[in-house]
Amino acid sequence: MTINVLVVDDSALIRSLLGKMIEADPELHLVGMAADAYMAKDMVNQFRPDVITLDIEMPKVDGLTFLDRLMKARPTAVVMISSLTEQGADATFNALALGAVDFIPKPKLDSPQGFNDYQELILAKIKSAAQAKLIKTQKLPRTTHSASPVKAILPKTVVDQHLLAIGASTGGTEAILYLLQHLPAVMPPIVITQHMPSGFTLSFAERLNRLTRLNVKQAEDGERLLPCYVYIAPGDYHLEVVKVGRSYKVRLNQSDKVSGHRPSVDVMLASLAQNDASQVTAVILTGMGKDGADGMTLLHQQGSTTFAQGEQSCVVFGMPREAIKREAIDHIVELPQMADKLLNYLATL
0 MTINVLVVDD
10 SALIRSLLGK
20 MIEADPELHL
30 VGMAADAYMA
40 KDMVNQFRPD
50 VITLDIEMPK
60 VDGLTFLDRL
70 MKARPTAVVM
80 ISSLTEQGAD
90 ATFNALALGA
100 VDFIPKPKLD
110 SPQGFNDYQE
120 LILAKIKSAA
130 QAKLIKTQKL
140 PRTTHSASPV
150 KAILPKTVVD
160 QHLLAIGAST
170 GGTEAILYLL
180 QHLPAVMPPI
190 VITQHMPSGF
200 TLSFAERLNR
210 LTRLNVKQAE
220 DGERLLPCYV
230 YIAPGDYHLE
240 VVKVGRSYKV
250 RLNQSDKVSG
260 HRPSVDVMLA
270 SLAQNDASQV
280 TAVILTGMGK
290 DGADGMTLLH
300 QQGSTTFAQG
310 EQSCVVFGMP
320 REAIKREAID
330 HIVELPQMAD
340 KLLNYLATL
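Using numbering that gives the first Met the number 0, the first residue of the sequence shown is number 0, and each one after it goes up by one.
Written out as structure tokens, the structure is:
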């Protein structure tokens with residue numbers, strides 16, 4: 000089935016480039032291109048696109064305002080086109096909170112290879128968005144770090160010796176935020192790989208740090224994992240966990256992409272499987288594709304307890320489904336119940 004796409008961007012150059020990329024794919028149909036929110040509103044009503052690519056920074060009405068109005072009037076799968084600046088990253092995460100499915104940086108087309116790589120990425124994101132469930136319309140209950148404290152006290156041995164690993168892709172930024180907001184301040188070290196380009200992971204970590212009780216940071220090569228801290232894999236780097244003496248440390252590398260990604264969930268989980276896997280609890284959240292399935296299988300075989308997000312609360316069920324198909328999952332849990340299930344399990348160790 001053909002996916003109908005609307006491009007909304009105030010730059011004629013970007014509109015032209017995105018239009019050519021979309022028209023080159025037989026699975027996609029470019030229904031129109033709009034230079035501002037007013038044109039976009041008319042085209043949405045006229046063409047009813049399956050997916051919209053939306054520039055955050057536009058004249059008259061900015062992308063966030065248009066997105067907010069769109070999601071209230073006619074919820075549609077949206078891929079944001081974002082600038083690689085701190086301000087652009089903050090706006091991107093606000094867009095995801097408003098209901099955008101995914102985002103991609105503005106293209107840097109300084110070489111033919113750059114054009115080809117960007118085309119491959121944007122087309123994949125559009126196709127992924129077309130399969131996405133618009134979870135925001137279901138209005139998951141939300142909390143903040145200032146809400147009433149989570150009533151959970153984990154054994155000191157668990158906090159000091161255990162590790163929690165989380166992998167996610169499409170829809171993962173909001174799912175991770177929701178999960179962490181429902182965890183207490185005292186937790187074992189948490190390592191997270193979320194598919195995200197360089198330039199955005201630092202802002203993502205800072206946002207999580209502001210909005211949760213935990214200490215969240217972008218992971219640095221060689222640092223020791225500490226209780227009560229969350230470590231986010233930097234964009235364009237694989238995150239591995241290695242045991243040095245009695246401590247766990249971060250190792251970052253830029254080896255080849257795995258399952259089409261760097262950072263890759265599989266790389267992180269496979270590194271954990273080389274240590275005492277019984278001390279690892281792994282969670283696979285919403286995401287397109289199969290990254291994480293191999294790693295979850297390895298960990299499960301080595302004695303880890305594994306959790307997967309249920310289909311109902313996933314934006315895209317691809318990654319959890321693949322791990323479940325391989326019989327690598329012990330517990331399938333919808334996102335609103337995930338924190339309680341994890342805490343109840345960890346409290347028994």
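Think of the CB as a built atom: it goes at the ideal place given N, C-alpha and C, for glycine as much as any other residue.
Item to check | Backbone CA spacing between R270 and E26 [nearest angstrom] | outcome: It is worth fixing the name first, because residue 270 is Ser in this sequence and not Arg. If you take the alpha carbons of S270 and E26, they lie about 37 Å apart.
Checklist entry - Hey, is the stretch 320-339 in contact with the stretch 176-193, meaning 3+ C-beta pairs nearer than 8 Å? => result yes
Next on the checklist: Could you give the first and the last residue of the continuous alpha helix (DSSP H) run that contains P335?
Outcome noted: L334 to A346
Checklist entry - Is it the case that the Cβ atoms of G286 and G171 are separated by a distance below 8 Å? => result The beta carbons of G286 and G171 sit closer together than 8 Å.
Item to check | DSSP state of I55 mapped onto helix, strand, coil | outcome: coil
Checklist entry - Smallest Cα separation from I189: which of L97, L213, A174 and M32? => result L213
Next on the checklist: With a threshold of 6 Å on Cβ separation, who are the neighbours of D293 within its own chain once the five nearest residues in sequence on each side are excluded?
Outcome noted: D265, listed in sequence order.
Next on the checklist: Tell me which residue opens and which closes the alpha helix (DSSP H) that T156 is part of.
Outcome noted: K155 to Q160
Item to check | Three-way DSSP call (helix, strand, coil) for I175 in this model | outcome: helix
Next on the checklist: Less than 8 Å between the beta carbons of A232 and T192, yes or no?
Outcome noted: yes
Next on the checklist: Buried or exposed for L12, going by 16 or more other Cβ atoms inside 10 Å?
Outcome noted: Using a 10 angstroms sphere on the CB of L12, the tally of other CB atoms stays under 16, which defines it as exposed.
Item to check | Beta-bridge pairing of L5 - partner residues as DSSP gives them | outcome: According to DSSP, which records beta bridges pairwise, L5 is partnered with G31 and I51.
Checklist entry - How big is the Cα-Cα spacing for P48 and K105? => result Distance from the CA atom of P48 to the CA atom of K105, rounded to whole angstroms, is 21 Å.
Item to check | Close Cβ partners of S147 (< 6 Å) along its chain, the five nearest in sequence each way excluded | outcome: Low confidence applies to S147: its pLDDT is 48, below 50, so where it sits in the model is not reliable, and the reading given next is rough at best. Counting only Cβ-Cβ distances below 6 Å, and skipping sequence neighbours, we find nothing.
Checklist entry - For L97 versus M70, is the C-beta distance shorter than 8 Å? => result yes
Checklist entry - At which residue ranges does the stretch 206-291 contain complete beta strand (DSSP E) runs of 3 or more residues, listed in the order of the chain? => result 214-217, 228-231, 237-243, 246-252 and 279-283
Next on the checklist: Closest to A88 by C-alpha separation, out of V315, D116 and F203, would be which residue?
Outcome noted: F203
Checklist entry - Do you know how far the Cα of E22 is from the Cα of A123? => result 14 Å
Next on the checklist: Along the chain, where does the alpha helix (DSSP H) containing D109 start, and where does it finish?
Outcome noted: First-last for D109: undefined, no H or E at that position.
Checklist entry - From which residue to which residue does the alpha helix (DSSP H) around S82 run? => result Premise fails: S82 is in no alpha helix (DSSP H) and is neither H nor E.
Checklist entry - So D101 is in the beta strand (DSSP E); what residue range does that whole segment cover? => result D101 to P104
Item to check | Within the stretch 300-328, ranges of the alpha helix (DSSP H) (whole runs, at least 4 residues) | outcome: 317-324
Checklist entry - Helix or strand or just coil, what does DSSP make of L12? => result helix
Checklist entry - Going by Cα to Cα distance, which pick from R68, T305, A94 and A218 is closest to N252? => result Ranking R68, T305, A94 and A218 by Cα distance to N252 puts A218 first.
Item to check | Extent of the continuous alpha helix (DSSP H) to which T64 belongs | outcome: G62 to A72
Item to check | According to DSSP, residues forming a beta bridge with L163 | outcome: I189 and T280
Next on the checklist: Can you look up L139 in the DSSP assignment and give me helix, strand or coil?
Outcome noted: Its pLDDT being 49, under 50, L139 is placed unreliably by the model, and nothing is read from it.
Checklist entry - Is there contact between the stretch 38-47 and the stretch 64-79, where contact requires at least three CB pairs shorter than 8 Å? => result Touching, per the Cβ criterion.
Item to check | Local Cβ density within 10 Å of T1, reported as buried at 16 or more and exposed below that | outcome: exposed
Next on the checklist: On the DSSP letters alone, give me the boundaries of the alpha helix (DSSP H) that F46 sits inside.
Outcome noted: A36 to F46
Checklist entry - Just checking my contact of L334 with S312 at CB under 8 Å: how many whole Å lie between their CB atoms? => result 4 Å
Item to check | Member of L29, A94, T52 and D9 whose CA lies at the smallest distance from the CA of K59 | outcome: Here the closest residue by C-alpha is D9.
Checklist entry - If we ignore side chains and look at the alpha-carbon of each, how far apart do L53 and L17 end up? => result 11 Å
Next on the checklist: So, for R382: in the same chain, excluding its five sequence neighbours on each side, which residues have a beta-carbon less than 7 Å away from its beta-carbon?
Outcome noted: There is no way to answer for residue 382, as the model of the chain reaches only from 0 to 348.
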